[in-house]
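Each step along the first sequence adds one to the number in the working numbering, with nothing skipped, and position 215 is 222.
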Amino acid sequence: MKRSKYFLKTLKNVSSQEKIASARLLKQAGFIEESAAGRFYFLPAGQRVQQKIMQVVKEEMDQAGAQEMVSPILHPLELWKETNRTNTAGFELMKVTDRRDADFALGGTAEEMFVDLVRRYKISYRDLPFNLYQFSPKFRDELRARGGLLRVREFIMKDAYSFHRDEEDFKVEYRKMSDVYTKIFNRLGLETTIVESDNGYIGGEYCHEFIVDSEIGESRYFKSTKGYAAHEDVARFKPDDKNLSEDMLELKEVDAPRGTTMQDGVNFHKMPLWQQIKDVMFVDDRGRYILAVIRGDYDVNETKLKHLVKAITLRPATNEEIREKLFSEPGFISPVGIKNKLEAGVELLVVADSSLRTIKNAYGGSNKKNLDLFNINIDRDFKADIEGDIALAAAGYEAPDGGILEEKRGIEVGNIFQLGYHYSDKMRGAVYTDKDGTEKPFYMGCYGLGIGRTMAAIVEVWHDDKGMIWPESVAPFSVNLISLGENEQAEKVYNYLLENGVEVIFDDRDEASAGEKFADSDLVGCPYRVVISRKSLEKGGYEISKRNSGEQKIVSHGELLKQLYE
RNA sequence: CGGGGUGUGGCUCAGUUGGCUAGAGCACCGCGUUUGGGACGCGGGGGUCGUCGGUUCGAGUCCGACCACCCCGACCA
């Protein structure tokens, strides 16, 4: 490709507001251009990169036995109603209506479509397992797009869906996909951490995200010094035992004219924070009151709580609700005796965090203003409806594997989900015929990979103050050939490289100065730069330099190809 | 949805207490000179100042509404 004719307009000045390197560089180098917020044009150079990323993904997916296909982008809305995702999808679903008033969702993910496809056939256990995937535009009406390609409203995603007889068979595929993803990202120049994550509205049993560490990433996760890694929403830790050797003392009420915060309790009673009980009242989507009870030095993890009580949404209860519906007092809520006063029709679930088993003789509120209780002990003084892990992890805590948790930030570039029977249960007829002649639901998995976000992540990792530094696997061109007043010789080299299958962009512009060509070359970031000038010819050939190391030397015409393939 | 901010040639921005024909740099076009780190000279084209309404002799500038975009938060595979 000749630069003089290539639709690549690099910019000298780019908005000072753009602080994220990948967004700034991709725009400045003319790879992408924003249409409306979160919707991007991929210009020729950007599209070359995008296609190369897709090519790597395709090669590895095919190698793993997955089969590429494509589904419609408009999904019949009835399908989303079947799985109730019109309400629970985490992103606002975009809808369109056709002239006959038929409603469609603009696909943000395609579980329903693939299940709907598969259930149209009579599938035998002999057909299983299989894994179908596609590259297709996805639409998500995000509240806020940000960071160039990092968070957008329209993007190309590789999404794959696997169908299995049972969990055991699924697990083979899940592990395989995990390996495939690691390999894909490595080929793209990215190191990823596999992080346990929340499955969110997709449902299913568990999932993992692939995260590229980066300061500007939006995903926060915890990593143990011994290897365990989990998203902050689901990260587990071992609460340390505090005073278990103490004897249980008698429950007693004490005057406590104090403020309503945890710290007020500590200051007033001069007792440690961990010995206090923290009580947080929520209301869920069904109107149930949920009292989360946890050790005072920990915080409640709403995601864990939501899963434990099987709620779709949670909100904090208001002070009025606490007083008028639960007959308690904000700042003095207690699990002790709170259920005794409930009116008919008011449902209250007491959820205790396992950390309450690490302390004895706790102190805390009494459901009455300015009165506290001492020596509260679980089981003896109150019973939990549900007991489990609802604690928010933090840096420095002990990880489940015995290491110490460290807080990390990163960009989520892919994820893999165990869907289990989530979709095949909800969608009628999503069954195969087993060996014994009975119909059984599919056991499923799905596997997503954002192409544009991966591109942004590559730039975040691979750039310097002059521009991007593309790994060879995804560079728009391998060679940026620059002629400084030696167009005739350069043209020969250009044709020679093309004939030998080298992807080259030839900067043949007469009107651009040497400095401009060099600056552009650094900005665009092709792995190799080859300069042909009077100076290089005098030294016996062409100057070749590597973008990633800056290493530079003069090579003769005959050595050029060898240098590029080294 | 809450808080903050910005809308002026394609881009980055200036434009004073309301006052002459609305400016600069970059980009673009023409001619010429240039080629090892974002060249130079001369000439040129391009703006209903986000939209609508209001105040005024007069509005880019003041007021109101709306729209778009950006940042923070909420939210979020």
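Just so it is clear, CB atoms sit at the ideal spot from N, CA and C, and this is done for glycine as well.
Which partner residues does residue i have in the DSSP bridge list?
i	result
Q559	S552
P144	I163
A369	I383
P448	V438
I512	N487
D286	V300
Y430	Partner(s): none; Y430 has no beta bridge.
D105	Looking at the DSSP assignment, D105 forms no beta bridge with any residue, so it has no partner.
F14	F14 is not bridged to any residue.
A236	K230
Can you tell which of the options has its C-alpha closest to the C-alpha of residue i?
i	options	result
V583	D396, E198, K375	Outside the displayed span of the chain (8 to 573) sits residue 583, for which this structure offers no information.
F170	R46, A73, I340	A73
G115	K546, G372, K102	K102
R536	D408, V500, D517	V500
D432	G352, P51, F275, M451	M451
K245	P478, L378, S362	S362
V358	N91, L315, S29	L315
A28	I319, E354, F289, E222	E222
A519	L491, K542, G352	L491
I561	Y572, N555, E573, V538	V538
G417	T461, R160, K553	T461
F177	Y404, A526, Y454, M8	Y454
H276	L456, L139, D379, V125	D379
A576	E354, L280, A402	This structure gives no information on residue 576, because the portion of the chain shown stretches from 8 to 573.
A263	G338, V481, F217, G154	G338
L84	M61, E75, D108, E405	D108
G266	N377, V77, Y188	N377
S543	G37, I423, E493, E405	E493
F389	K415, I397, L356, I411	L356
D443	Y132, E257, V77	Y132
K19	V531, A437, E558, G557	V531
L349	Y549, D360, V290, L333	L333
Roughly how many whole angstroms lie between the Cα atoms of residue i and residue j?
i	j	result
F14	V63	25 Å
L567	N507	11 Å
L33	R55	13 Å
D173	E149	35 Å
E180	K59	25 Å
Y430	H238	24 Å
N193	R106	47 Å
K524	H564	22 Å
Q283	E419	37 Å
G272	K65	59 Å
K317	Y428	17 Å
M68	A521	43 Å
A117	D166	8 Å
K367	K311	24 Å
T104	A236	43 Å
G474	A497	24 Å
Q425	Y213	5 Å
N250	F111	59 Å
G53	Y503	25 Å
E161	L86	21 Å
G372	R293	27 Å
E75	Y140	5 Å
K5	W477	Residue 5 is absent from the model: the chain starts at 8 and stops at 573.
F137	A402	41 Å
L321	L81	31 Å
R227	K9	43 Å
Go to residue i, then tell me how far its beta strand (DSSP E) extends in each direction, as first and last residue.
i	result
P407	Looking at the DSSP string, P407 is not in any beta strand (DSSP E), and its letter there is neither H nor E.
T200	200–204
R536	535–540
E260	259–262
I393	393–395
H82	81–83
D110	110–113
Is residue i near the ligand COA, in the sense that its beta carbon is under 7 Å from a heavy atom of that ligand?
i	result
K346	The ligand COA is not part of this structure, which contains no ligands at all.
Would you give the residue range spanned by the alpha helix (DSSP H) that residue i belongs to?
i	result
K121	Before going further, note that residue 121 is Phe rather than Lys in the sequence given. Element bounds for F121: 118–125.
L567	567–572
E216	First-last for E216: 213–220, but that is the beta strand (DSSP E), not the alpha helix (DSSP H).
message = Restricting to runs no shorter than 4 residues, where is the alpha helix (DSSP H) found entirely within the stretch 318–344?
response = 326–331
request  = List in chain order: all unbroken beta strand (DSSP E) runs of 3+ residues lying wholly within the stretch 20–56.
outcome  = 39–41, 47–49
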